[in-house]
Amino acid sequence: MSDSKDAASFPSSADDPSWWSASHIPEASLTDIFHCFRLILGRVPSRAEWSGHSARAGEELTSVVSSYVSSREFAMKGLIRGLCLEDIESFERDGLILHASRSDLAVGKHLLAGTAYEPHVAGLFRRRLSAGGAAIDIGANIGYFSMLAASLVGPSGYVLAVEPSASNVKLIEASRRRNAFTQLHVLLAAAGEELGLLAYNSSHSNGIAGAAAETLDGLLSETLVPKIPLDLVVAPERQIDLVKVDVEGGEYLALRGLEQTLKRCHPTIVFAFSPHALTAVSGGDWKAIFHWLTDLGYRFAELTSEEALAWTQDSQLLLGRFEASGIDHIDVVAEPSEPAASPAAPSGTQSRAGQVTSEAIRDAYSAHYYLEDCGGYETYRAHGGKILDPRLDCMARLAGLLDDKASLRVLDLGCGRGELARYFAALGHAVDAIDYSPEALRLAGACFAGEPELRRRAVLQCASVTDPGVYRGPYDLVLASDLIEHLAPEELDQLYRLIHQHLAADGVFIAHTFPNLWYYRYAYPRQRRLAAQEGRPPLPAEPRSPYELQMHINEQSPTQMRRQLGAVFPHVLLWAGDHEEPTGSLARRFGKSDWREARSLFAIASHRPVDPAGVIQALQRPPEY
């Protein structure tokens, strides 16, 4: 077919063989115009229309394409569009308010359908993040994992969401505001190895960033986003616990821009692994990311729904897992081969994994805390420690499990003001009470005012509960009332091993913890929203007191508490309950929402089975006085 401007001429398929050998011509031919019209508008032009369209032969091809894409007819098809209010849906997932586009086929459709979105990655977030922690979400998309991280670290934590799509950032910011997450910071940028600009192309929420065009015409037609090494964004004193990277093949370059933070903090990293995408976008061998992270001391495992991870430093094994998966990528978790403590931490104040330990907050346990903030302080001030507040009353009732013993050896761990120590001494039992706060021991001693005989039955020791030297077992009864949330996970492991070692064969260990982490994570945000919707007085964004924000370094969820106790004790009974309904989930079956609404948790651990019916009976009896 001739490229003359004959209005009656139409391209023919006879031209097809020449397409593959033809050199690039920037001007549009009649063939180009016809096919652009048909492919973009989805129909063949009428002969009447063709007269006007064919007259554009010789124009820049990109100009012709742009005119069809920008046409009203194409816009009416709704195939490519920006975000509009009618297209956005607000929904709740895992106690969080999120926003997604109904036309987002990449991420939004999964969340809006209520199906689990990458539950294995969400599980890693829940295992690695806790109150006061910090995370970076690179390639945040519409912000699901950013919101999840913000809910886990709480107001005292830090989350950085990095996303190059302006549309996605708008959704993230809307969700951030709805959830009142001041700890979440949103950065509209692409993470890279060096400062610069990238062209961003997106037909859905999973966009692709690449090198910007060289020509002015190309630049004017592209969406450009800043490319930033995140070491320039993360404060040098900021401890980062978890980094998630999913940037369509740019994972290696994104992490290279975070190198100083990785060396300083040794965070857990989870990244999307596609060897083809890594090679295409990062511009090198896909193995480079593994070699580089290995040099930084990392090991790797495929992240699956199973918590057990098969660690390796052999990238070929992970390539095999990818090839066997049959999907476009697998998720790889990287962690330091040997956990490293932060070099800036004072000696003895951080665990091997870099988490703050109880030693770092020892000075916070002041007289003001015990007399103005610590639960039950009103009862202590009114009765001098000789009457138990409702919380401690439940612990005392549970001692009824040992009614067959006339005399007990009792260990009160983290005894605080000493009310329980005095209570059991008054019943004629021998008590060891341990607390590392001098102010706590002073107030505990005051509980025995005017009762020298009772005081002789109690040994008060100012020491850490993880110090093996202060244990004088075997003990019939070991109590930890509102203690375990004040200890780092490694300290808690030490504590449980010591209790197991010093607990009598028929003894029981009773623990109570407030808060149930699920209550603050799921139920409380919902209660705030309901209060606002119903016009009731607003609930504070942060329910914890300043002391709790500082001291609760390891708030417990039911699964976390049961798992850690079960790793040491052969028999563990855990239930949700509080002083108003102490039998809680023991007396009636709890669903998921009930567990999330429960404010505190109880547990009994022993060398022998614990009878739930006996526990219910003990809780229903009033304590002795």
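Going left to right, the sequence shown walks through residues 1 to 625 as full-length UniProt numbering numbers them. Note that beta-carbon positions come from the ideal geometry of N, C-alpha and C, so glycine has one too.
Asked: Cβ-based neighbour list, Thr182, same chain, cut-off 7 Å, excluding 5 preceding and 5 following; Found: Pro155
Asked: Leu197 versus Ala189, Ser175, Arg178 and Lys227, residue with shortest Cα-Cα distance; Found: Lys227
Asked: Per-residue DSSP class, three states only, for Arg128; Found: helix
Asked: Cβ neighbour criterion (16 or more within 10 Å) applied to Thr466; Found: buried
Asked: Close Cβ partners of Pro612 (< 7 Å) along its chain, the five nearest in sequence each way excluded; Found: Leu573 and Leu586
Asked: Meets three-Cβ-pair contact criterion under 8 Å: the segment 360 to 367 and the segment 303 to 323; Found: no
Asked: Helix, strand or coil at Ser175 [DSSP, three-state]; Found: helix
Asked: Outcome for Leu148 when other beta-carbon atoms lying within 10 angstroms are tallied against a minimum of 16; Found: buried
Asked: C-alpha distance - Arg621 paired with Asn516, whole-angstrom precision; Found: 25 Å
Asked: Closest residue to Ser282 among Ala55, Asp246, Ala444 and Lys263 (Cα-Cα distance); Found: Asp246
Asked: Contact between the segment 477 to 487 and the segment 451 to 461 (3+ Cβ pairs under 8 Å); Found: no
Asked: Environment of Arg417 [buried if 16+ CB atoms lie within 10 Å]; Found: buried
Asked: 8 Å contact criterion, which Ala140 and Ile172 should meet: CB distance rounded; Found: 6 Å
Asked: Residue closest to Thr261, alpha-carbon to alpha-carbon, out of Tyr520, His500, Ala135 and Asp231; Found: Asp231
Asked: Trp595, enclosing alpha helix (DSSP H) - first and last residue; Found: Lys592 to Glu597
Asked: Start-end ranges of the alpha helix (DSSP H) lying completely within the UniProt domain "Methyltransferase" (410 to 507), minimum 4 residues; Found: 419 to 426, 438 to 446, 452 to 456 and 489 to 502
Asked: Beta-bridge partners of Lys227, as assigned by DSSP; Found: Ala190 and Gly196
Asked: Where Ile25 falls, given that 16 or more other Cβ within 10 Å makes a residue buried; Found: exposed
Asked: Three CB pairs or more closer than 8 Å across the segment 601 to 609 and the segment 563 to 579; Found: yes
Asked: Cβ-Cβ distance between Tyr423 and Ala396 below 8 Å; Found: yes
Asked: Residue 645, buried or exposed, once every other Cβ within 10 Å from all chains shown has been counted against 16; Found: This structure cannot settle anything about residue 645, because the visible part of the chain is limited to 1 through 625.
Asked: Every unbroken alpha helix (DSSP H) inside the segment 229 to 295 [4 residues or more]; Found: 251 to 256, 259 to 265, 275 to 282 and 288 to 295
Asked: Glu580, DSSP secondary structure in three states; Found: coil
Asked: Collapsed DSSP secondary structure at Phe322 in the structure displayed; Found: helix
Asked: Closest by C-alpha distance to Ala543, when choosing among Ser464, Thr583, Tyr522 and Gln560; Found: For the sequence presented, residue 543 should be read as Pro rather than Ala. Nearest option by C-alpha distance: Tyr522.
Asked: Inter-stretch contact at 8 Å, needing at least 3 Cβ pairs: the segment 126 to 144 / the segment 235 to 246; Found: yes
Asked: Nearest-angstrom Cβ-Cβ length linking Leu111 and Leu98, presumed shorter than 8 Å; Found: 6 Å
Asked: Euclidean distance between Cα positions of Leu392 and Ala399; Found: 11 Å
Asked: Close beta carbons around Met551, own chain, < 7 Å, minus the five adjacent residues each side; Found: Ile361, Ala364 and His486
Asked: Inter-residue CB distance, Arg56 and Ile33 (contact presumed, cutoff 8 Å); Found: 6 Å
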